[in-house]
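J.:
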Amino acid sequence: MGTLSRRRVLQGLGVGAVAALSGCADDPIIPTPVPSPGSATPTAFPSRPGDSLEVEAAVFDGAFGTDYVREAGDALATQYPGISVTITPVTSVSGELADRFADGGTPPDLLDNSGPGAFPLASMVDDFEDLTALLLTASADGTVLGDTLTENATAPGLIGQKQVAINYALSVYGLWHSATRFAAEGWTMPATWDTMLALAEEARSSDTYLFVYGEDSADYYQELAITSAIKEGGHEVRIALDNLADGAWHHPAVTGVLAQLEACVAEGYVLDGGAGHVAAQSQWSQQDRALLYPAGSWIAREMEGRTAADFEMTVSPVPTLTSSPALPPAAAHLTPTEAFVVPTNSANPEGGKELLRSLLSLPVAESFVRANLTPTVVRSSVPADLTSSALTSQTRVIADAGDAIFTWRFPSYYGLNTQQNVLWNRFFSGSLTAATLAEHLQALSDKAAADPAFERYTVS
111 MGTLSRRRVL QGLGVGAVAA LSGCADDPII PTPVPSPGSA TPTAFPSRPG
161 DSLEVEAAVF DGAFGTDYVR EAGDALATQY PGISVTITPV TSVSGELADR
211 FADGGTPPDL LDNSGPGAFP LASMVDDFED LTALLLTASA DGTVLGDTLT
261 ENATAPGLIG QKQVAINYAL SVYGLWHSAT RFAAEGWTMP ATWDTMLALA
311 EEARSSDTYL FVYGEDSADY YQELAITSAI KEGGHEVRIA LDNLADGAWH
361 HPAVTGVLAQ LEACVAEGYV LDGGAGHVAA QSQWSQQDRA LLYPAGSWIA
411 REMEGRTAAD FEMTVSPVPT LTSSPALPPA AAHLTPTEAF VVPTNSANPE
461 GGKELLRSLL SLPVAESFVR ANLTPTVVRS SVPADLTSSA LTSQTRVIAD
511 AGDAIFTWRF PSYYGLNTQQ NVLWNRFFSG SLTAATLAEH LQALSDKAAA
561 DPAFERYTVS
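For what it's worth, the numbering used here labels the leading residue of the sequence shown as 111, then goes sequentially.
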């Protein structure tokens, strides 16, 4: 999984999102449907013999909460009177649901496999339904369901030839900040790490840190490091890391970025925000103790009610090592998140699939965008009348990136996030140097590459 099509992404976002870009895009993008490869397969649910009318969904209760799945359940119950949908919020998917996947257990019918405790799907392929057939069935308007999704929406959930998951939220990653603060200070977002360090020194004069991190999500800075390194060194960096290649973490672009982050730690530009990431982020968005925070699109919703009134939440691309990187300075990381899976041994897997179909309907997707200021993988789901600095800046990042949009998935695919987060905490505490951090991260990749329990994937 690698580069993405900017034009298809913009088409998928919808008229409102594209209209917001009219001042920065060279050519206006008119949303057009992607031709269907064939006719849609009708769905018979729940008229088949034995179909259950009880559906349970376990949903990661993170930045997006669970209300959007509850809304999909309400829509399903309206469509099929008599159906009862139960939503179970979870904060650690594997921690709270592992027993239900064990022998004799009954997992939920639909699962949002997200968050730091997500199951490593690559070693659990047989536990989940293949959703390929679902994608070929009819959507609410009679077209093929898969054709209602943006390009590459299904790629993160494909393991071998099996469509194990369908991801929902379309996340733009970058450095989030207050455009109001930057304008008041006369600052511009740094394009290179040397100007980033210069900005950090300016911020220190006003008792402001450059970065803040929560100890439960210190690996957010790994995403920053990888994006920066890919922009600097090109797709060879992405390909090596995502393929768990020997020596991938020792690529000069990777070690160069890690060295810059080490300098930030050594200079005291990084604030330990405490155990919880939301409290740490509040020190950034509400208390103005840090300038920048690396995250995806969920941050706007997550910090609702914890953001200062004059904080104009905005995202910008991450810096590069030099002024002549391999990819354009505007290149950006974009990927679908919130992976929905249907456990095979659940009480009602067909009901789980129908709830997922409802979740992928345009009305539910539009409601999600309004509530979370984050695009979904459902085409044209950004309402035309919705205005937001967070949403507008995301679509601007996509437009400015052109075709230089990319992604990777090895940390979540191979279940490395928890161990990587431990290493990043040690790095920020000063107990690991940039060099030793790279060694430990490479060791984790090497271990996953040699583990026969994982079904490997290859990118190019």
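Glycine residues also receive a C-beta, built at the ideal position from the N, C-alpha and C atoms.
According to DSSP, simplified to helix, strand and coil, what is P156?
T.: Sequence index remark: in the sequence shown, residue 156 carries index 46 (1-based). P156 falls in the coil class under three-state DSSP.
J.: Could you work out which residue in N262, V165 and S498 is closest to A187 when comparing CA atoms only?
T.: To locate residue 187, count along the sequence shown from 1; it is residue 77. The shortest C-alpha separation from A187 is found at V165.
J.: Can you name the start and end residues of the alpha helix (DSSP H) that N277 belongs to?
T.: Indexing the sequence shown from 1 puts residue 277 at position 167. N277 -> not in any alpha helix (DSSP H); beta strand (DSSP E) instead, spanning A275 to V282.
J.: For a test of the three-state rule: what should DSSP assign to F174, helix, strand or coil?
T.: Walking along the sequence shown from the start, residue 174 turns up at place 64. Three-state result, F174: coil.
J.: Select from T447, I269, P230 and A185 the residue whose C-alpha is nearest the C-alpha of A250.
T.: Translated into positions along the sequence shown, residue 250 becomes position 140. When each option's Cα is compared against that of A250, the closest is A185.
J.: Which stretch, first to last residue, makes up the alpha helix (DSSP H) that contains I193?
T.: As a working mapping, residue 193 is identified with position 83 in the sequence shown. First-last for I193: undefined, no H or E at that position.
J.: For V487, which three-state DSSP category applies?
T.: Position 377 of the sequence shown, counted from the first residue, corresponds to residue 487. Residue state, collapsed to three classes: coil.
J.: Within 10 Å of its beta-carbon, does K341 have 16 or more other beta-carbons around it, so buried, or fewer, so exposed?
T.: Within the sequence shown, residue 341 is the residue found at index 231, counting from 1. The residue in question, K341, is buried, as its Cβ has 16 or more Cβ neighbours within 10 Å.
J.: Quick one, which of S434, Y330, A410 and M234 has its alpha-carbon nearest S204's?
T.: Stepping through the sequence shown from its first residue, residue 204 is reached at position 94. The shortest Cα separation from S204 among S434, Y330, A410 and M234 belongs to M234.
J.: Which residue wins for smallest C-alpha separation from S157, given the options F421, E460 and L496?
T.: Taking the sequence shown and counting its residues from 1, the one referred to as residue 157 is at position 47. Taking only the C-alpha atoms, the option nearest S157 is E460.
J.: Taking the straight line between their C-alpha atoms, what separation do you get for I139 and A509?
T.: Position 29 of the sequence shown, counted from the start, is the residue given in the question as residue 139. Position 399 of the sequence shown, counted from the start, is the residue given in the question as residue 509. In this predicted model, I139 has a pLDDT of only 26, less than 50, meaning its place in the structure is not dependable; the value taken from the coordinates is given anyway. Approximately 10 Å between the Cα atoms of the pair.
J.: Out of Y178, A442 and S555, which one is the CA nearest neighbour of G284?
T.: The residue given as residue 284 occupies position 174 in the sequence shown. Comparing Cα-Cα distances from G284 to each of Y178, A442 and S555, the minimum goes to A442.
J.: Using DSSP's beta-bridge definition, name the partner residues of T302.
T.: The residue given as residue 302 occupies position 192 in the sequence shown. In the DSSP output, where bridge partners are listed per residue, T302 has T430.
J.: I'd like to confirm the pairing. Which residues does DSSP put opposite Y331 in its beta bridges?
T.: Here residue 331 refers to the residue found at position 221 of the sequence shown. Y331 is not bridged to any residue.
J.: Pairs of beta-carbons, one from the segment 350–369 and one from the segment 549–560, closer than 8 Å: are there three or more?
T.: Segments in contact, yes.
J.: May I ask which residues mark the beginning and end of the alpha helix (DSSP H) holding T502?
T.: Start at 1 with the first residue of the sequence shown, and residue 502 comes out as number 392. S499 to A511 is the extent of the alpha helix (DSSP H) around T502.
J.: Is the beta carbon of L465 less than 7 Å from the beta carbon of A263?
T.: Your numbering for residue 465 matches position 355 in the sequence shown. Your numbering for residue 263 matches position 153 in the sequence shown. No; because the gap between Cβ atoms is not below 7 Å, this pair is not in contact.
J.: Assign D219 to buried or exposed, taking buried as 16 or more other Cβ atoms, counted over all protein chains shown, within 10 Å of its Cβ.
T.: Translated into the one-based positions of the sequence shown, residue 219 becomes position 109. Buried.
J.: Cβ atoms of E422 and T290: under 7 Å apart, would you say?
T.: Start at 1 with the first residue of the sequence shown, and residue 290 comes out as number 180. Start at 1 with the first residue of the sequence shown, and residue 422 comes out as number 312. In this structure, E422 lies closer than 7 Å to T290 by Cβ.
J.: Check the C-beta distance from L381 over to F321 and give it rounded, since I have them as a contact under 8 Å.
T.: Taking the first residue of the sequence shown as position 1, residue 381 is located at position 271. Taking the first residue of the sequence shown as position 1, residue 321 is located at position 211. The pair is a contact, with the Cβ atoms about 7 Å apart (cut-off 8 Å).
J.: Indicate the three-state DSSP secondary structure (helix, strand or coil) for H361 in the structure shown.
T.: The residue you call residue 361 lines up with position 251 of the sequence shown. The answer is coil: DSSP assigns H361 none of H, G, I, E or B.
J.: Of the choices A553, Y330 and T445, whose alpha-carbon is the least far from that of G267?
T.: Within the sequence shown, numbered from 1, the residue matching residue 267 stands at position 157. Cα-wise, what sits closest to G267 is T445.
J.: Hey, quick one: how far does the beta strand (DSSP E) through L533 stretch, first residue to last?
T.: Locating residue 533 in the sequence shown gives position 423, where the first residue counts as 1. No beta strand (DSSP E) contains L533, which is instead part of the alpha helix (DSSP H) from N527 to S539.
J.: Go ahead and label A405 buried or exposed: buried means 16 or more other beta carbons lie within 10 angstroms of its beta carbon, across all protein chains shown.
T.: Taking the sequence shown and counting its residues from 1, one reaches residue 405 at position 295. A405 is buried by the Cβ-count criterion.
J.: Just checking, does the segment 525–535 make contact with the segment 298–309 on the three C-beta pairs under 8 Å criterion?
T.: Segments in contact, no.
J.: By the 10 Å Cβ neighbour count, where 16 or more other Cβ atoms means buried, how is A449 classified, buried or exposed?
T.: Locating residue 449 in the sequence shown gives position 339, counting from the first residue. Buried, by the Cβ-count rule.
J.: What does the alpha-carbon distance come out to for the pair A135 and F516?
T.: Taking the first residue of the sequence shown as 1, we reach residue 135 at position 25. Taking the first residue of the sequence shown as 1, we reach residue 516 at position 406. Below a pLDDT of 50, predicted positions are generally treated as unreliable, and A135, at 28, falls in that range; the measurement from the model is reported next regardless. Cα to Cα, the separation comes out at about 19 Å.
J.: What did DSSP end up calling L496 once you bin it into helix, strand or coil?
T.: Indexing the sequence shown from 1 puts residue 496 at position 386. Three-state result, L496: coil.
J.: How far does the alpha helix (DSSP H) with Y524 in it reach, from first residue to last?
T.: Here the question's residue 524 lines up with position 414 in the sequence shown. No alpha helix (DSSP H) contains Y524, which DSSP labels as neither H nor E.
J.: Compare the beta carbon distance of T486 and Y278 with 7 Å and say whether it is the shorter of the two.
T.: Taking the sequence shown and counting its residues from 1, one reaches residue 486 at position 376. Taking the sequence shown and counting its residues from 1, one reaches residue 278 at position 168. Taking 7 Å as the Cβ cut-off, T486 and Y278 qualify as a contacting pair.
J.: Please specify which runs of the beta strand (DSSP E), each continuous and at least 3 residues long, are wholly inside the segment 397–478, giving them in chain order.
T.: Counting only runs of 3 or more, we get 400–405, 423–426 and 442–451.
J.: From N531 to D513, what does the alpha carbon distance come to, in whole angstroms?
T.: Taking the first residue of the sequence shown as position 1, residue 531 is located at position 421. Taking the first residue of the sequence shown as position 1, residue 513 is located at position 403. Distance between the alpha carbons of N531 and D513 is about 31 Å.
J.: Sorry if obvious, but does the Cβ on A154 come closer than 6 Å to a heavy atom of the ligand GDP?
T.: Absent from the structure shown: the ligand GDP. Ligands present: none.
J.: Should S477 go down as buried or exposed, given a rule of 16 or more other Cβ atoms within 10 Å for buried?
T.: Within the sequence shown, residue 477 is the residue found at index 367, counting from 1. Its Cβ being crowded by 16 or more others within 10 Å, S477 is buried.
J.: Would you report the Cα separation of D240 and Y323, rounded to the nearest angstrom?
T.: Taking the first residue of the sequence shown as 1, we reach residue 240 at position 130. Taking the first residue of the sequence shown as 1, we reach residue 323 at position 213. The alpha-carbon atoms of D240 and Y323 are separated by roughly 37 Å.
J.: E311: buried (16+ other C-beta within 10 angstroms of its C-beta) or exposed?
T.: In the sequence shown, the residue the question calls residue 311 occupies position 201. Flag for E311 reads exposed.
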